[in-house]
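Numbered according to my numbering, the sequence shown terminates at residue 678, and the numbering increases by one at each position without gaps.
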Amino acid sequence: MARFTLPRDLYHGKGALEALKDFKGKKAIVCVGGGSMKRFGFLDKAVSYLEEAGMEVKLFEGIEPDPSVETVMKGAQAMLDFEPDWIVAMGGGSPIDAAKAMWIKYEYPDISFEDMCKVFGIPSLRKKAHFCAISSTSGTATEVTAFSIITDYSKGIKYPIADFEITPDVAIVDPDLAETMPKKLVAHTGMDAMTHAIEAYVSTANCDYTDPLALHAIKMIQSDLIGSYNGDMEKRDNMHNAQCLAGMAFSNALLGIVHSMAHKTGAAFADYGAHIIHGAANAMYLPKVIAFNAKNETAAERYGQIADFMHLGGDSLDEKISLLIDHLRGMNDELNIPHCIKNYGPDSYPTEQGFVPEDVFLERLPEIAKNAIADACTGSNPRIPTQEEMEKLLKCCYYDTEVDF
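Structure follows, in C-alpha cells:
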C-alpha cells in the first residue's frame, strides 16, 4: 500500500493571497524571512487579510536562509507564548521549512530535534494549530510537501525532516510574489525544481499518481525556466506552477542522492565562509547522478522516457541519456551556474580560484560521503552507492570529471 498526500486546499493564480480573508480562527502567527515580503508589500497584505478574517496577528520575522536549529527553537517558543491556531509561513523555502519545524515543537514542546528528524516518525499534529504556506520562490515547493530542511551549524549538516504530518493544510501559490525574485534566485530555484521532478520520476517510490506530475513539471521547466531567468514574467508565472507540480510529485515519490549530496555539502564548509546554495548544488550534481544511476537498468529506462518526453532525440537508450545530461548542462550554462564545486564562487559563477579549497574538500570527503549515504533521500534512489562510490561521485562533482563506475 502506498500513500499520496497533498494540502487540503491549494489556492493558485494572481491574487490568490486574498484567500487569507476567509480563514477561520482567533490568532495567527506569520513567519517570514529577511524582508523581501515586507519590502514588496505582501506581508502587510497578508496581515491585513488575516485581520479582516477577525484574527489577532503576531509576526515572527528574520528567519535566515538555511534556517538553524536555534531559530526553530526560538520560533517555537514564540508560538508557545502567543498560542496561535493558525501558523502562516510566507516567503521562500527557508521560512516555510523553519515554520514547519516550529509547528512540531509548538505542538510537542518536549520533543527533541533528533526525534523530529526520525523519518515519518512525527506524532499527529493539528491539536493546537493548522498550517498555511505561501511560496514566494519557484523551486522548493515546500508549500505542498511533507519535508523541511533544517541546518545544524555546529555539525555543518542539513537535516531533512520528513513526515506527511507537516504537509501544509493550505497552500497559496500566487505568482505575484514570484515576480519579485532576483535573477540568480530564479536560476537556482528553477534547477532545484527540475531536480525534484527528475528525481521523483526515477525514484523507487514513483507511482501512477506521481509520474504525470513529474513529467509535466519537467516539460514546463524545459519550456519556461530560461525565459523566466531572462525576465519574461509570463514564463515566471508558469514556473511558479511548474515547481509546485514537481513538489507534489516528490513529496509522494520521494527523492534521491542528488539531494542527499546537496544536503551534506551545503553547510560542510561553512567555517571557511563557503556555502553551496541548495539549488546550485542540485544543478551541479544532477548530471553526474544521472550518469551514475543510469547503470541501473530500470533507472536508465526512466531517464530515456524523460528524454523522449522532452523531445531531445537519440536512437539508443545510451544516446538519449547522454542527450539528457547535455541538455541539463546546457541549461546550467544559460543560467550561469557552474558545473562543479571547484568552480563554485561566492556569486555562484565560475571563478579562477575555487570557493571550496581542494585540500579541505578531500580531507572532509569521507565524512561527507558517509553522511550523504545516511541521508533520508538516499533510500529511494534507484542505485544505492557504497562509501567508495559516493566518494568517487562527489569527486566527480568537485572536478567535473566523467562518471564511469
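Cβ coordinates follow ideal geometry from the N, Cα and C atoms, glycine included.
Annotated three-state conformation of Phe393 is coil, per DSSP. Excluding sequence positions up to five before and after Tyr482, its CB lies within less than 6 angstroms of the CB of Phe277, all in the same chain and listed in chain order. Secondary structure of Ser321 (DSSP, three-state): helix. When rounded, the separation of the alpha-carbon atoms in Leu488 and Val305 is 32 angstroms. Distance from the Cα of Lys668 is smallest, within the candidate group Leu590, Val562, Thr651, for Val562.
Annotated three-state conformation of Thr424 is strand, per DSSP. Inter-residue distance for His403 and Glu356 is about 12 angstroms (C-alpha atoms, whole angstroms). If you check the CB distance, Asp465 and Thr413 come in under 8 angstroms. Taking the CA atoms as reference points, Ile407 sits about 10 angstroms from Val303. Glu592 and Phe565 have their C-alpha atoms spaced approximately 15 angstroms apart. The straight-line gap separating the alpha-carbon atoms of Gly539 and Ser589 is approximately 36 angstroms. A buried status is given to Gln516, since no fewer than 16 other beta-carbon atoms sit within 10 Å of its beta-carbon. In the three-state reduction of the DSSP assignment, Glu416 falls in the coil class. Following the DSSP letters along the chain, one finds His584 in no alpha helix (DSSP H), marked with neither H nor E. Taking the Cα of Ala556 as reference, the smallest distance to any Cα among Asp673, Ser496, Leu323 is reached at Asp673.
Assignment of Ser341 by DSSP, reduced to helix, strand and coil, places it in the strand class. DSSP links Leu332 through a beta bridge to Val303. If you look at Cys670, you'll find it in the alpha helix (DSSP H) that goes 660–672.
For Glu325, same chain residues with a beta-carbon under 7 angstroms away, outside a window of 5 residues either side, are Lys294 in chain order. Under the criterion of beta carbons closer than 8 angstroms, Val361 and Ala319 qualify as touching, at roughly 7 angstroms. Cβ contact annotation for Asp505 (same chain, cutoff 7 angstroms, sequence separation greater than five): none. Beta-carbon to beta-carbon, Ser533 and Ala374 are separated by about 19 angstroms, too far to satisfy the 8 angstroms threshold. Counted as a single uninterrupted DSSP element, the beta strand (DSSP E) harbouring Val443 occupies residues 443–446.
Within a 10 Å sphere around the beta-carbon of His551 sit 16 or more other beta-carbons, which makes this residue buried. The DSSP-derived three-state label of Ala362 is strand.
Within the DSSP bridge table, the entry for Pro433 names Ile422 as partners. DSSP, read as helix, strand or coil, puts Ile657 in coil. The region 281–301 makes contact with the region 431–449: 3 or more CB pairs, one atom from each, lie closer than 8 angstroms. Counted as a single uninterrupted DSSP element, the beta strand (DSSP E) harbouring Tyr284 occupies residues 282–285.
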